[in-house]
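For the sequence shown, the working numbering begins at 66 and goes up steadily by one.
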Amino acid sequence: MAVLVPRVLIIEARFYENLSKMLLEGCVNFLNNKDVKWDSVVTPGVLEIPAAISMAMNATAYKVYNGIIVLGIVMRGETSHCDIIAQAVTRGLIDISIKDSLPIGNGIVVVDNEEQAVDRVSSACLNRGGCAARSVLTMIELKGFFNNRFHDDTR
66 MAVLVPRVLI IEARFYENLS KMLLEGCVNF LNNKDVKWDS VVTPGVLEIP
116 AAISMAMNAT AYKVYNGIIV LGIVMRGETS HCDIIAQAVT RGLIDISIKD
166 SLPIGNGIVV VDNEEQAVDR VSSACLNRGG CAARSVLTMI ELKGFFNNRF
216 HDDTR
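Set out below in C-alpha cells:
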C-alpha cells in the first residue's frame, strides 16, 4: 500500500540554537510545499538524536511516522570531540535505519566554523534542512515501492 500523505518526525538538536532554527526553517518549508504532515521535537544536542528516534518508535505502537528527519550542527573545536560525536551519531542513525527499515533524512551538518555552518543551513544557500526533507521523502517513496511490489498478490 502506497503512503498517500506521509507523516514525518523532525528531531532538532538545539545546541547551536540560531543555526538549528535555520535548518528547521528550510526543512519545514520543503515539507509544507509538499503537503507533508510533520511533528517536531527538540534534543539538547546531536548525540541524543538516536535515542530520541528509538523513544519515538517505541512509543508509537502503530508506527505513525513514515520517516524521521534529523537536524543539528556539529562544529569542530580544538579537540577531536567533533569527530567522535559525528561518527557516533552517524553510526547510530545507520544502525536504526537498517534495523527498523526506517527512512531517515540526515540534516546533521559537520563544519569547521560558524561561517561554514551558515552557508550550509541557510535556505538561500545549500539548505541542508530542505535536502534532508527531500531525502526522507525519496526513501519513504522507495520503501513504498518495495512494499507494493512484493506484497501485491496480483503480480
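Ideal Cβ positions, reconstructed from N, Cα and C, are used throughout, including at glycine. From a predicted model like this one, the values you see are computed outputs, not experimental measurements.
Could you compute how far the alpha carbon of residue i sits from the alpha carbon of residue j?
i: residue 220; j: residue 211; result: Reliability of the predicted coordinates at residue 220 is poor, the pLDDT of 48 falling under 50, and the value obtained from them is presented with this limitation in mind. Answer to the nearest angstrom: the Cα atoms are 13 Å apart.
i: residue 69; j: residue 136; result: 24 Å
i: residue 173; j: residue 101; result: 21 Å
i: residue 181; j: residue 155; result: 20 Å
i: residue 75; j: residue 147; result: 22 Å
i: residue 85; j: residue 91; result: 10 Å
i: residue 145; j: residue 111; result: 16 Å
i: residue 188; j: residue 83; result: 13 Å
Look up residue i in the DSSP assignment and give the residues it is bridged to.
i: residue 78; result: 108
i: residue 70; result: Paired residues: none, contrary to the question.
i: residue 183; result: Note: residue 183 sits in no beta bridge, so no partner.
i: residue 133; result: 74 and 169
i: residue 139; result: 175
Taking a contact to mean a Cβ-Cβ separation below 8 Å, would you say residue i touches residue j in this structure?
i: residue 115; j: residue 79; result: no
i: residue 161; j: residue 105; result: no
i: residue 95; j: residue 185; result: no
i: residue 183; j: residue 151; result: no
Can you name the start and end residues of the beta strand (DSSP E) that residue i belongs to?
i: residue 174; result: 169-176
With 16 as the cutoff for other CB atoms within 10 Å, does residue i come out buried or exposed?
i: residue 207; result: exposed
i: residue 193; result: buried
i: residue 213; result: exposed
i: residue 77; result: buried
i: residue 170; result: buried
Please check if any C-beta of chain C sits within less than 8 Å of the C-beta of residue i.
i: residue 106; result: The chain labelled as chain C is not found in the depicted structure, where only one protein chain is given.
From what residue to what residue does the alpha helix (DSSP H) around residue i run?
i: residue 198; result: 193-216
i: residue 189; result: Per DSSP, residue 189 belongs to no alpha helix (DSSP H) and is neither H nor E.
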